[in-house]
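>
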Ligand SMILES: Nc1nc2c(c(=O)[nH]1)N[C@H]1C(S)=C(S)[C@@H](COP(=O)(O)O)O[C@H]1N2
Ligand SMILES: [Mo]
């Protein structure tokens with residue numbers, strides 16, 4: 233007969249076995265992923281697959297609510313889910329030992345499948361981390377549960393001592409049933425195996441982290457070694473008065489640290505500039521070319537102030553930033569490869585850029601080649617690109633939302649047509665073409681603050697990239713629109729600051745702003761959400777004046 237510890241001991245020990253097995257599986261997966269590809273680890277792979285399959289409204293909501301923590305939240309969610317599943321499998325294994333172990337293997341298969349089907353997967357090897365982890369986890373669970381259900385020696389009946397509450401504690405049934413193991417379970421074996429497995433997992437996981445860290449070290453060293461050449465065409469000095477002195481207004485130039493980050497990368501790609509290549513090929517490319525990072529640095533570099541905006545930016549939102557970018561004119565590189573825009577008879581109307589992590593972005597060839605400063609960017613505010621912003625090279629096209637232009641960690645440019653290919657976000661309900669909508673933002677006062685009566689400076693930024701801002705107006709409650717004072721314009725591709733001296737009177741007031749782009753089109757009042765081609769509507773804040 234088989235006897236086991238009492239239920240209230242068994243259940244937690246089963247659950248603990250499940251947790252230990254899950255932990256061991258992840259540790260082994262981490263170690264193996266260091267040898268295969270850091271991004272092939274189960275959490276990164278499953279997280280990436282989850283991001284790709286998340287319905288657009290949910291993803292948009294996550295970006296808006298968790299902001300740049302959206303990925304940390306997702307990873308935490310995956311770990312928490314795995315922990316719960318591990319607990320359940322551990323308890324299940326008490327009753328069905330093989331099924332429990334098979335359950336762990338099944339998760340390995342799911343993780344492996346997620347890894348192999350990632351767009352940046354390098355082949356079936358990407359399944360190895362998950363599968364190897366699951367095999368170890370399953371074996372450990374099988375073994376641990378075995379310690380909880382040891383057959384009693386023949387002829388020895390259950391002493392019944394575990395009917396006494398608490399009898400399972402230190403001096404439990406083992407005591408009365410023999411020195412090595414008893415009419416129950418192999419307590420010593422279980423404790424030793426559990427402690428040993430936990431310790432080994434910590435060690436293996438730490439080693440794995442260390443080794444995956446080494447993979448990034450080479451990329452980090454390659455970034456440190458970059459010396460950005462001086463631009464052949466420097467950015468014109470900012471005109472005096474581009475930056476207003478009003479406290480609370482956004483800095484005209486957003487620092488690299490403060491610059492918003494939006495992407496689907498669970499692990500920031502660490503690309504080694506020394507081995508990086510950019511391939512340009514496709515329809516109408518008569519001279520396909522592969523460029524190295526040094527090839528780009530040796531070309532004529534241009535430097536420009538350009539404001540980038542995310543299509544997921546709500547009215548008044550934070551996903552807009554302005555930087556001084558250094559790079560190569562993309563149109564020149566394309567021309568050399570033989571590319572002609574559709575208006576000059578070129579067969580391709582879409583440029584698809586692809587990143588090392590498999591993201592695809594589709595940009596109109598006509599826009600890239602119409603004379604604006606579309607760039608292959610190598611520098612941001614005087615520094616090599618930060619890893620989070622696309623090191624070593626990203627694309628940037630003034631006037632277009634990021635998702636249709638600003639490919640980070642770019643490695644491939646393919647000329648094709650909009651009819652033939654839908655890029656990543658286009659497959660997920662976002663518009664095929666997305667010029668940035670004219671927008672304004674009130675930076676100060678902040679919503680719902682209390683102010684003192686008298687003169688209050690209302691100030692913010694407005695943008696209509698590649699068209700320019702000609703006017704910003706402010707309205708108090710339902711009063712008339714009044715012109716704000718515009719700061720100097722740096723160029724039509726950047727945002728422009730504005731301020732308005734308001735004679736604040738006691739009470740609750742709504743301040744609303746609207747911008748007018750060059751040519752006279754006024755920012756629309758019509759409120760739309762971010763999907764499919766960017767939010768519209770006037771920004772407003774409600775304040776109380778004492
Ligand atoms: N490889 C890659 N490039 C990408 C993205 C991405 O998810 N992956 N997101 C795009 C989007 S939606 C925007 S708004 C910009 C944001 O650039 P930033 O993070 O440097 O501000 O990058 C674009 N380039
Ligand atoms: Mo975006």
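Numbering (my numbering), first residue to last: 233 to 778. Ideal placement from N, C-alpha and C gives every residue a C-beta, glycine not left out. Just so we're clear, the structure is a prediction, and the values are computed from it rather than from any experiment.
1. Say yes only if the C-beta of residue 635 is nearer than 7 Å to one or more non-hydrogen atoms of ligand 2, and no if none qualify.
2. How many angstroms separate the CA atom of residue 589 from the CA atom of residue 614?
3. Comparing alpha-carbon positions, which option in 354, 359, 435, 420 lies nearest residue 339?
4. Taking the alpha-carbon of residue 798 as reference, which of 277, 337, 536, 547 has the nearest alpha-carbon?
5. Do you know offhand how far residue 671's Cα is from residue 253's?
6. Per DSSP, which residues does residue 733 bridge with? Please list them.
7. Smallest Cα separation from residue 686: which of 541, 575, 739?
8. Mind checking which residues open and close the alpha helix (DSSP H) that includes residue 446?
9. Can you tell me whether DSSP reads residue 782 as helix, strand or coil?
10. Does residue 459 come out as helix, strand or coil in the three-state DSSP assignment?
11. How should residue 508 be labelled, buried or exposed, when 16 other C-beta atoms within 10 angstroms of its C-beta is the threshold for buried?
12. Measuring from the CB of residue 297, is there a heavy atom of ligand 1 at a distance below 7 Å?
13. So, with DSSP's three-state summary, where would you put residue 706?
14. Which residues share a DSSP beta bridge with residue 555?
15. Counting pairs of beta carbons, one from the segment 580-589 and one from the segment 640-648, are three or more of them closer than 8 Å?
16. Would a C-beta distance cut-off of 8 Å place residue 632 and residue 667 closer than the cut-off?
17. Taking one C-beta from the segment 726-733 and one from the segment 691-698 each time, how about it: are there three or more such pairs within less than 8 Å?
18. According to DSSP, what are the bridge partners of residue 593?
19. Tell me which residue opens and which closes the alpha helix (DSSP H) that residue 297 is part of.
20. Looking at residue 634 and residue 542, is the spacing between their C-beta atoms short of 8 Å?
21. Do residue 603 and residue 771 count as a contact pair if the criterion is CB distance below 8 Å?
22. When you compare each of 436, 474, 499 to residue 448 by their alpha carbons, which one comes out closest?
Result, derived from the coordinates:
1. yes
2. 26 Å
3. 359
4. Lying outside 233 to 778, the shown extent of the chain, residue 798 is not represented and no answer is given.
5. 52 Å
6. 689
7. 739
8. 419-456
9. Residue 782 falls outside the range modelled here, since the chain spans only 233 to 778, and no answer is possible.
10. coil
11. buried
12. no
13. strand
14. 538
15. yes
16. yes
17. yes
18. 585
19. 288-298
20. yes
21. no
22. 499
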